[in-house]
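Chains as they are written, first to last, in the numbering used here: chain A, 1 to 181; chain B, 182 to 383.
Here a beta-carbon is modelled for each residue, glycine too, at the ideal position from N, C-alpha and C.
Okay, so here's the structure we're looking at.
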Amino acid sequence: MTSDGRHLTDEGLMDVLDGAAGGSSARHLAGCASCAERLAEAREGLSLARAADVPEPSDLYWQAFPRRVAAHIEAAGPSPRRWRGWLVPAFATALAVAAAVAIVPRPEPEATPAPAHTLAAWSALPPAEADPGLPVLQAVASDLDPAVECGGLAECLADLSDEESQDLVQILRPAVKDGSL
Amino acid sequence: MIEQALSPAFPIGAGLARPPAVGLRVDDREAVLACQRGEREAFDGLVERYQRDIYRLCYRYVNDPQDANDMAQEVFLKAYRAIDRFRGDSSFSTWLYRIAVNTCLNFRSSRRPEGDPLPDTLPDGHAGVLDAMVEDERARRVREAVSRLPEKQRATLILKIYHELTHEEVAGIVGSSVGTVKANLFHALGNLRKMLHVEAGK
Numbered sequence: 001m002t003s004d005g006r007h008l009t010d011e012g013l014m015d016v017l018d019g020a021a022g023g024s025s026a027r028h029l030a031g032c033a034s035c036a037e038r039l040a041e042a043r044e045g046l047s048l049a050r051a052a053d054v055p056e057p058s059d060l061y062w063q064a065f066p067r068r069v070a071a072h073i074e075a076a077g078p079s080p081r082r083w084r085g086w087l088v089p090a091f092a093t094a095l096a097v098a099a100a101v102a103i104v105p106r107p108e109p110e111a112t113p114a115p116a117h118t119l120a121a122w123s124a125l126p127p128a129e130a131d132p133g134l135p136v137l138q139a140v141a142s143d144l145d146p147a148v149e150c151g152g153l154a155e156c157l158a159d160l161s162d163e164e165s166q167d168l169v170q171i172l173r174p175a176v177k178d179g180s181l
Numbered sequence: 182m183i184e185q186a187l188s189p190a191f192p193i194g195a196g197l198a199r200p201p202a203v204g205l206r207v208d209d210r211e212a213v214l215a216c217q218r219g220e221r222e223a224f225d226g227l228v229e230r231y232q233r234d235i236y237r238l239c240y241r242y243v244n245d246p247q248d249a250n251d252m253a254q255e256v257f258l259k260a261y262r263a264i265d266r267f268r269g270d271s272s273f274s275t276w277l278y279r280i281a282v283n284t285c286l287n288f289r290s291s292r293r294p295e296g297d298p299l300p301d302t303l304p305d306g307h308a309g310v311l312d313a314m315v316e317d318e319r320a321r322r323v324r325e326a327v328s329r330l331p332e333k334q335r336a337t338l339i340l341k342i343y344h345e346l347t348h349e350e351v352a353g354i355v356g357s358s359v360g361t362v363k364a365n366l367f368h369a370l371g372n373l374r375k376m377l378h379v380e381a382g383k
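Here it is in structure tokens:
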């Protein structure tokens, strides 16, 4: 028994096995058959465990192993985390582009050249500014979401002419450069 | 997926990557930093340095060379994928062992364990051959018994006895206190002895 009248704990016996126990453990073991027996069993287990070598593969195996690991990494594809790493900024950029597209005013279509000879039927129409319905139309148009106007963002982008696309690039480039996107 | 694979028993640490601590082996530190910069070839050096340790750990865990090979490759794949999160709080080898032990705990072999049964009749030969065969058979029985220990006891015994890690290092890998590691090891040794004695009919 130890000085407090108890057997050695598993941890204490392990310390004895490691040679790290104090003198009180040794004194206890000298007078306690139970603890001495448990210690002897653990010592035998340790001796048995140490007798088991692992069969060693050949040098050729070890030479090829890094290549097999590299192939395994290659076959497994990019790690999900790395993929998420670029997805987030890409998604943020896409959102910023979408927002920019939604607020960029679309260029007015080029005016049709006036006919050389004014037809009488057209010349009889009043000018647009004189139309009493124009203020109403303007009020309605100002409330329209530009994205809705072209049926959604994807449609807006798809409908852009080359010239409009270049304009959009010109508009977004400074923002991308200064990191505000 | 990777987080799930690594997390169940012993956490390997998470959070944003930061430069590994100065306490790392210099060659490990340089290789880890290179990997974190995206230089995959730098990982080959780490594989070469630790392949034997990891293979042996896996082998002792499953007692099968094919499974050990598959597991060791899996360990390095997981390490490569998680290396951005390696912060250098522990040595690289401790971190790698932690991944290996988690991989071992999660591994379920699709193969039946293959023994190396002795032939019915032993060939005539000089005593050295017979001794070697007896030794091989004894070692096989011990490996088999080790692979049947409860998981925590098995991990503790393998890391402490065969990889000669300190109790503190083992505790860091298996996520237990030093006292628990010592108790687990003590039970593992006792159980190993009992299993081998039962097999031997003692």
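Residue i at chain A interface by Cβ criterion, 7 Å
i, result
"P189 (chain B)", "Note that P189 (chain B) has pLDDT 39, beneath the 50 cutoff, so the model's placement of it is unreliable and no number is given."
"Y261 (chain B)", "yes"
"A320 (chain B)", "yes"
"Q254 (chain B)", "yes"
"F367 (chain B)", "yes"
"F394 (chain B)", "Nothing in the structure corresponds to residue 394 (chain B), since chain B is present only between 182 and 383."
"L258 (chain B)", "yes"
"E295 (chain B)", "Its pLDDT being 48, under 50, E295 (chain B) is placed unreliably in this model, and the coordinates cannot settle the point."
"V323 (chain B)", "yes"
"L299 (chain B)", "Reliability fails at L299 (chain B), whose pLDDT of 40 lies under 50, so the model's placement of it is uncertain and no value is given."
C-beta neighbour in chain B for residue i, strict 7 Å
i, result
"L168 (chain A)", "no"
"W83 (chain A)", "The predicted position of W83 (chain A) is uncertain, since its pLDDT is 47 and thus under 50; a value taken from the coordinates is nonetheless stated next. Output row for W83 (chain A): interface = no."
"A147 (chain A)", "Only weak support exists for where A147 (chain A) lies, its pLDDT of 43 falling under 50; the value from the coordinates is given anyway. Answer no: the Cβ-Cβ gap between A147 (chain A) and chain B never drops below 7 Å."
"V54 (chain A)", "yes"
"L144 (chain A)", "Per-residue confidence for L144 (chain A) stands at a pLDDT of 48, beneath the threshold of 50, marking its modelled position as unreliable; no derived number is given."
"D10 (chain A)", "yes"
"V16 (chain A)", "no"
Burial state of residue i (16 or more Cβ within 10 Å)
i, result
"L370 (chain B)", "buried"
"D162 (chain A)", "exposed"
"Q166 (chain A)", "exposed"
"G353 (chain B)", "buried"
"E316 (chain B)", "exposed"
"G31 (chain A)", "exposed"
"E232 (chain B)", "A small fix is needed here, since residue 232 (chain B) is Gln in this sequence, not Glu. Answer is buried; the Cβ neighbour count reaches 16."
"G77 (chain A)", "exposed"
"P66 (chain A)", "buried"
"K341 (chain B)", "buried"
"D10 (chain A)", "buried"
"A99 (chain A)", "exposed"
"V282 (chain B)", "buried"
"Q254 (chain B)", "buried"
"G309 (chain B)", "exposed"
"I264 (chain B)", "buried"
"I103 (chain A)", "exposed"
Proximal residues of chain B, C-beta to C-beta of residue i below 9 Å
i, result
"E41 (chain A)", "L370, G371, R374, K375"
Within chain A, the residues that residue i reaches when beta carbons sit closer than 8 Å
i, result
"V327 (chain B)", "A49, A52"
"P246 (chain B)", "P55, P57"
Interface partners of residue i on chain B, CB under 8 Å
i, result
"C22 (chain A)", "With the sequence shown as reference, residue 22 (chain A) is identified as Gly, and Cys is not the correct amino acid for it. Chain B residues near G22 (chain A): none, gap ~15 Å exceeds 8 Å."
"G45 (chain A)", "A369, L370, G371, N372, L373, R374"
"L13 (chain A)", "F367"
Within chain A, the residues that residue i reaches when beta carbons sit closer than 9 Å
i, result
"R218 (chain B)", "Within 9 Å Cβ-Cβ: nothing; R218 (chain B) doesn't reach chain A, min ~13 Å."
"R241 (chain B)", "A52, V54"
Any contact between the segment 210 to 224 of chain B and the segment 51 to 64 of chain A? By contact I mean 3 or more CB pairs, one from each, below 8 Å.
No, the segment 210 to 224 of chain B is not in contact with the segment 51 to 64 of chain A.
Any 3 or more C-beta pairs closer than 8 Å across the segment 22 to 32 of chain A and the segment 342 to 351 of chain B:
By the criterion of at least three beta-carbon pairs nearer than 8 Å, the segment 22 to 32 of chain A is not in contact with the segment 342 to 351 of chain B.
For the segment 361 to 381 of chain B against the segment 325 to 343 of chain B, are there 3 or more C-beta pairs whose distance is under 8 Å?
A contact exists between the segment 361 to 381 of chain B and the segment 325 to 343 of chain B.
Relative to chain A, which residues along the segment 352 to 363 of chain B have a C-beta separation below 8 Å, given in chain order?
The residues in question are G360, K363.
Indicate whether the contact test is met: 3 or more Cβ pairs, each with one atom in the segment 38 to 56 of chain A and one in the segment 371 to 381 of chain B, closer than 8 Å.
They touch, by the three-pair rule.
Can you list, in chain order, the residues of the segment 222 to 237 of chain B whose Cβ is nearer than 8 Å to any Cβ on chain A?
Within the segment 222 to 237 of chain B, the residues whose Cβ lies closer than 8 Å to some Cβ of chain A are F224, D225, V228, E229, Q232, R233, Y236, R237, listed in chain order.
Contact list for the segment 63 to 79 of chain A against chain B, Cβ threshold 7 Å
Answer set for the segment 63 to 79 of chain A: F65, P66, R68, V69, A70, H72, I73, A76, S79.
Would the segment 310 to 325 of chain B count as touching the segment 266 to 281 of chain B if we require 3 or more Cβ pairs under 8 Å?
Counting Cβ pairs under 8 Å, fewer than three are found: no touch.
Residues of the segment 336 to 349 of chain B with Cβ closer than 7 Å to any Cβ of chain A, in chain order:
Along the segment 336 to 349 of chain B, going in chain order, the ones with a CB nearer than 7 Å to a CB of chain A are L338, I342.
Do the segment 319 to 331 of chain B and the segment 242 to 252 of chain B touch if we need at least three Cβ pairs shorter than 8 Å?
Segments in contact, yes.
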